[in-house]
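S.K.:
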Amino acid sequence: MLGVLGRGGFGTVYRADLLGEGSFVRPVALKVLNPDMEGVTSVAARLRDEARLLGRIRHRAVVHVDGLVRLDERWTVVMEYVEGIDLAQIVAGGPLPPRAAFEIVGEVAAALAVVHAWPGDDGRPLGILHRDLKPA
Numbered sequence: 007m008l009g010v011l012g013r014g015g016f017g018t019v020y021r022a023d024l025l026g027e028g029s030f031v032r033p034v035a036l037k038v039l040n041p042d043m044e045g046v047t048s049v050a051a052r053l054r055d056e057a058r059l060l061g062r063i064r065h066r067a068v069v070h071v072d073g074l075v076r077l078d079e080r081w082t083v084v085m086e087y088v089e090g091i092d093l094a095q096i097v098a099g100g101p102l103p104p105r106a107a108f109e110i111v112g113e114v115a116a117a118l119a120v121v122h123a124w125p126g127d128d129g130r131p132l133g134i135l136h137r138d139l140k141p142a
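In terms of the numbering used here, the sequence shown has 35 at position 29, counting the first letter as 1, and numbering is strictly consecutive.
(1) Does the pairing of the stretch 39-48 with the stretch 56-65 give three or more beta-carbon distances under 8 Å?
(2) What is the rounded straight-line gap between the Cα of residue 21 and the Cα of residue 139?
(3) Provide the residue span of the alpha helix (DSSP H) that contains residue 105, from first to last.
(4) Would you list the residues sitting across from residue 39 in a DSSP beta bridge?
(5) When the Cα of residue 79 is compared with those of 34, 29 and 38, which residue comes out closest?
(6) Please identify the residue among 33, 124 and 16 whose C-alpha is closest to the C-alpha of residue 90.
(7) Which of the three DSSP states is assigned to residue 60 in this structure?
(8) Beta-carbon within less than 6 Å of residue 70's beta-carbon, same chain only, minus the 5 sequence neighbours each way: which residues are those?
(9) Using the Cβ count rule (16 or more neighbours within 10 Å means buried), how would you classify residue 53?
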């Protein structure tokens with residue numbers, strides 16, 4: 007692991023390099039369930055459900071989930087690492103021009119709509135809700 011990208015009530019997201027054969031290296035983000043949450047069945051189940059659902063979705067505005075693994079006995083979601091700065095850093099620089107703010111909100115809303123409407127195995131929308139939006 008190369009550093010912390012963010013912390014939440016249930017877990018910590020780390021920047022890491024996925025190492026493979028033949029000197030293969032790919033940057034990833036690892037969402038690791040906090041040790042004190044590992045024994046909370048509902049929290050661990052929610053993390054596993056999140057990984058399984060998001061692993062099905064392919065959209066430019068949604069981080070791709072590559073897998074769900076146990077790392078040091080803790081549930082860990084392996085995700086695409088997206089290079090860039092987060093919205094909290096942008097907003098810390100002062101107010102955004104209205105047009106830029108509207109574009110950002112529009113992109114986020116469009117991504118949420120795609121995830122909410124993503125079809126399940128039966129073709130009906132899964133109805134996924136984010137429940138934890140942050141500017142990071």
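For glycine and all other residues, C-beta sits at the position ideal for the given N, C-alpha and C. The structure presented is a predicted model; accordingly, all values stated were derived computationally and were not measured.
M.R.: Per the coordinate set shown:
(1) no
(2) 19 Å
(3) 104-123
(4) 17
(5) 38
(6) 33
(7) helix
(8) 86
(9) buried
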